[in-house]
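Colleague:
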Amino acid sequence: MKNKLLNKEIMEKDVLNRIKWDKNLNPSDFVIYYIDRERESEQMKKINFTERELRGDFFSVNNSTNLIPMQRIRRITCRGKIVWSRAQRRMKMKRE
């Protein structure tokens, strides 16, 4: 399966775990875009992968006590290219 494109339906948590554990990937290359609900308004925010901590079906930013549900993630990019989006739920990274 060397250099085959992984193209199957996949959830955001699976992508985040792959980025975290795959030694062939550099986590600092990835940016997470998510919906943040502040004061009854929704804003799209972005963070570098290295700024988050996974906690079950939630994540936090910079060790905050505020937990954000994974379902608020809208897309994940690597060096500016979309590798996962909620709309498509497909991961576009090469599998080694």
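If you count by the numbering used here, then the sequence shown holds residues 859 to 954, one letter each, in order.
Where a beta carbon is used, it is the ideal one built from N, C-alpha and C, also for glycine.
(1) Going by DSSP in three states, residue 927 sits in which element: helix, strand or coil?
(2) On the three-state DSSP scale, how would you describe residue 954?
(3) Leaving out five residues on either side along the sequence, give the residues of the same chain with a beta carbon under 7 Å from the beta carbon of residue 927.
(4) Check whether the Cβ atoms of residue 889 and residue 907 sit closer than 8 Å, and answer yes or no.
(5) Is the beta carbon of residue 893 closer than 8 Å to that of residue 933?
(6) Hey, would you say residue 896 sits closer than 8 Å to residue 942, going by beta carbons?
(7) Against chain C, with Cβ distances strictly below 8 Å, would residue 884 count as a contact?
(8) Taking the alpha-carbon of residue 921 as reference, which of 905, 936, 885 has the nearest alpha-carbon?
(9) In angstroms with no decimal places, state the Cα-to-Cα distance between residue 901 and residue 924.
Modeller: So, from the listed chains and residues:
(1) Mapped onto the sequence shown, residue 927 falls at position 69. In the structure shown, residue 927 sits in a strand (DSSP, three-state: E or B).
(2) Translated into positions along the sequence shown, residue 954 becomes position 96. Because residue 954 sits at a pLDDT of 49, beneath the cut-off of 50, its placement in the model cannot be relied upon, and the point is left open.
(3) Against the sequence shown, residue 927 aligns to sequence position 69. Within the same chain, residue 927 has close Cβ partners 915, 916.
(4) Residue 889 sits at position 31 when you count from the first residue of the sequence shown. Residue 907 sits at position 49 when you count from the first residue of the sequence shown. In contact: residue 889 and residue 907 (Cβ atoms closer than 8 Å).
(5) Within the sequence shown, residue 933 is the residue found at index 75, counting from 1. Within the sequence shown, residue 893 is the residue found at index 35, counting from 1. For residue 933 and residue 893, no; Cβs fall outside 8 Å.
(6) If you number the sequence shown from 1, residue 896 lands on position 38. If you number the sequence shown from 1, residue 942 lands on position 84. In this structure, residue 942 does not lie closer than 8 Å to residue 896 by Cβ.
(7) No chain C appears in this structure, which consists of one protein chain only.
(8) Stepping through the sequence shown from its first residue, residue 921 is reached at position 63. Here the closest residue by C-alpha is 905.
(9) Working through the sequence shown from its first residue, we reach residue 901 at position 43. Working through the sequence shown from its first residue, we reach residue 924 at position 66. Their Cα atoms are separated by approximately 16 Å.
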